[in-house]
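To keep things clear, I will list the structure first and then write my remarks on it.
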Amino acid sequence: MPTPSALGFTPGHLLGCVSGELGLREFLEAQGHELVVTSDKDGPDSVFERELPGAEVVISQPFWPAYLTAERIAKAPKLKLALTAGIGSDHVDLDAAIRAGVTVAEVTYSNSLSVAEHAVMQILTLVRNFLPAHEWVVNGGWNIADAASRSYDLEGMDVGVIGAGRIGQAVLRRLAPFGVRLHYFSPMRLPTDVEHELGTAFHPDAGSLARSVDVVSLHAPLHPQTYHLFDREMINSMRRGSYIVNTARAEITVRDDVVEALESGQLAGYAGDVWYPQPPETDHPWRSMPHQAMTPHVSGTTLSAQARYAAGTREVLEDFLAGRHIREAYLIVEGGELAGTGAKSYTAGAGVEAGRGA
Ligand code: NDP
4 MPTPSALGFT PGHLLGCVSG ELGLREFLEA QGHELVVTSD KDGPDSVFER ELPGAEVVIS
64 QPFWPAYLTA ERIAKAPKLK LALTAGIGSD HVDLDAAIRA GVTVAEVTYS NSLSVAEHAV
124 MQILTLVRNF LPAHEWVVNG GWNIADAASR SYDLEGMDVG VIGAGRIGQA VLRRLAPFGV
184 RLHYFSPMRL PTDVEHELGT AFHPDAGSLA RSVDVVSLHA PLHPQTYHLF DREMINSMRR
244 GSYIVNTARA EITVRDDVVE ALESGQLAGY AGDVWYPQPP ETDHPWRSMP HQAMTPHVSG
304 TTLSAQARYA AGTREVLEDF LAGRHIREAY LIVEGGELAG TGAKSYTAGA GVEAGRGA
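Numbering (our numbering), first residue to last: 4 to 361.
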């Protein structure tokens, strides 16, 4: 849990928005700092671009990020800290931050469980055919057969996660009581006692897992090994009528291959909260494809999560402004190299353009 000296907000209030200001204004202005809060951050005439030359700290959220590209970092000679209010700093060009000596930090753990709950909810939403059933009620119908015709119990299914880190493990733990057969693939195998506790089977690669499950939940980072991992070939290797839930990054799947598989019935459902680009165009095919339960990028920004990442943002700022070391777990880049959590979870010079799919 974050440990700031005080909170400038009431937990439960909307904080992750322009009016909420992460509860930071009083704290920062009392120390003589200027706080500019805006959602106008795209294009050369945006408030964000205009403020960059004088900015020493940029705070952004992954849900609708202010992309800190190499060009923008070059326009911000005073920038010392790029701080993510949440988890996931791939809207920051980490290589450019490393070169410019900018510290990058995020509020590790603040919303991992929030995302895990969302993934479990979306698995159930798809498998139980919740959304079409709900729509019959809203539209005045009582079409039991229509609502039930695509609805199954999750119990007894094979469910797998790709990436057994903070979120992936939390998903495994939450799914275990459902009486499913659990599977996972992650480069680093879990300790044997954890595998036994969860009753989860390890797979040596993503393809082996994909072929063995009815539901796959994606929780790996976007990097060259996961970019477009779930393409037509991988999806076609899955059992016919499988489900994919993706709360990791949109580009781990191939957009049009997902649509094609839903239309053909190879996939019975697709859900998630990550898109490319963000926000997606109004005619993005994932908005209208069949058998989906997509949400905007909200899984990690419940009011509960907002209280945690707002507190963590303040903790990082307190340390940064006082010249103290930022908590290791929050660090992504420091002193010109990946540091802390960044050294474990991110890849410098990875070749997947930073700022995509955040
Ligand atoms: P962690 O770093 O804790 O876990 C990521 C896991 O993925 C690690 O176990 C890692 O293994 C594994 N992994 C790395 N490469 C591969 C690969 N090629 N194939 C399969 N697994 C791999 O991250 P989190 O659990 O906190 O987050 C997971 C992802 O979820 C993030 O990368 C981010 O993209 C996304 N996210 C989404 C949010 C949302 O709001 N929707 C919020 C927060 C995160 P190893 O440790 O061995 O490298």
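Glycine included, every Cβ here is placed at the ideal spot set by N, Cα and C.
Query, Result
"Runs of beta strand (DSSP E) wholly within the segment 80–105 (minimum 3 residues, chain order)", "84–87"
"Alpha-carbon to alpha-carbon, GLU54 and GLY358", "Any answer about GLY358 is weak, because its pLDDT of 38 lies below 50 and its placement is not dependable; what the coordinates show is given next. Whole-angstrom Cα-Cα distance: 19 Å."
"Span of the beta strand (DSSP E) around PHE205", "203–205"
"As assigned by DSSP and simplified to three states, the class of TYR312", "helix"
"Any non-hydrogen atom of ligand 1 within 7 Å of SER152 CB", "no"
"Test item: CB-CB of ALA88 and ALA313 under 8 Å", "yes"
"Proximity to ALA108 [Cα-Cα], best of VAL123, ASN142 and SER63", "SER63"
"Proximity below 8 Å, CB of LEU84 to CB of VAL105", "yes"
"GLN295 and GLY272 closer than 8 Å at C-beta", "yes"
"Cross-strand partners of PHE188 (DSSP beta bridge)", "ILE165"
"Spatial distance of GLY15 from GLY23 (CA atoms)", "11 Å"
"Three-state secondary structure assigned by DSSP to CYS20", "coil"
"Best match in GLN228, GLY210, SER245 and VAL95 for proximity to LEU129 [C-alpha to C-alpha]", "SER245"
"SER63 - containing beta strand (DSSP E), residue span", "60–63"
"Heavy atom of ligand 1 within 7 Å of GLY91 beta-carbon", "yes"
"Distance cut-off 7 Å: LEU225 Cβ against heavy atoms of ligand 1", "yes"
"Residue interval of the alpha helix (DSSP H) (run including VAL336)", "It is not in any alpha helix (DSSP H) - VAL336 instead sits in the beta strand (DSSP E) that spans 334–337."
"Validate contact between the segment 185–198 and the segment 134–144 using beta carbons, cut 8 Å, 3 pairs", "no"
"Residue range of the alpha helix (DSSP H) that includes ILE247", "Here ILE247 belongs to no alpha helix (DSSP H); instead the beta strand (DSSP E) covers 245–249."
"Straight-line gap, GLU120 to GLY57 (C-alpha atoms, nearest Å)", "39 Å"
"Endpoints, the alpha helix (DSSP H) within which LEU274 is located", "Leu is not the amino acid found at residue 274; the sequence shown has Ala there. Run containing ALA274: none in the alpha helix (DSSP H); it sits in the beta strand (DSSP E), 270–275."
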